[in-house]
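Each step along the sequence shown adds one to the number in my numbering, with nothing skipped, and position 115 is 144.
The beta carbon of each residue, even a glycine, is placed where N, CA and C say it ideally should be.
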Amino acid sequence: MFVPEDFAVPVELVTEDFRLAPLGPEHNESDHAAWVSSIDHIRTTPGFAGRSWPPADGMTLTENLADLTHHAEEFTTRAAFAYTVLDPAGGDVIGCVYLRPPGRPGSDVDVLSWVRADRAHLDGALYRAVSAWLRTSWPFTEVRYAPRSS
């Protein structure tokens, strides 16, 4: 079990710079626009080196919708938790945070996050906010989350 059955999974994290909410199909167009415009940037974000996502050639809106539907199902079944990072003013998707069961021993959770290339200045703030949130609001003691330099 990834998180205890009686654990109340947080449904948001709000800061001055962004808001996290569960990622789902309702974010399809904004999510797709966010990551497709930032593929090279995401691939250089700590934690994404050598990964198959994001695909270099992108994907269709239909393929992205299937991906977001899968993330929402994982959230509902508590198998993994994907959050969209939203601009607090307009609600546009500016990134994502993924909490997944560990892929190898040494942690309770593997965390990845990215922000759009035009919001790269928020990467460090997102890392710090999510790290603090994991310490205070989640049951994890050992977190694997690639550190940021800023």
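Original post:
Taking C-alpha atoms, which residue in E171, R157, A118 lies nearest to R129?
Top reply: One-based indexing of the sequence shown puts residue 129 at position 100. Sorting E171, R157, A118 by C-alpha distance to the C-alpha of R129 places E171 at the top.
Subject >> Residues of its chain near V40, where Cβ-Cβ distance is below 8 Å and the 5 sequence neighbours each way are ignored >> reply: Against the sequence shown, residue 40 aligns to sequence position 11. Cβ within range, chain order: A50, P51.
**OP:** Could you spell out the range, first to last residue, of the alpha helix (DSSP H) harbouring T73?
**Re:** Taking the sequence shown and counting its residues from 1, the one referred to as residue 73 is at position 44. Run containing T73: none; DSSP gives neither H nor E here.
**OP:** Can you have a look at R145 and say buried or exposed, based on whether 16 or more other CB atoms are within 10 angstroms of its CB?
**Re:** The count along the sequence shown starts at 1 and reaches residue 145 at position 116. So R145 ends up on the buried side.
**OP:** Could I get the ranges of all uninterrupted alpha helix (DSSP H) runs contained in the segment 33-101, with 4 residues as the minimum, in chain order?
**Re:** Scanning the segment 33-101 for uninterrupted alpha helix (DSSP H) segments of 4 residues or longer gives 57-65, 68-72, listed from N- to C-terminal end.
Original post:
Any idea which residues DSSP pairs R133 with across the strands?
Top reply: Position 104 of the sequence shown holds residue 133. R133 pairs with nothing; no bridge assigned.
Original post:
How should V43 be labelled, buried or exposed, when 16 other C-beta atoms within 10 angstroms of its C-beta is the threshold for buried?
Top reply: Here residue 43 is taken as the residue at index 14 of the sequence shown, counted from 1. Classification of V43: exposed, given that the 10 Å Cβ count is below 16.
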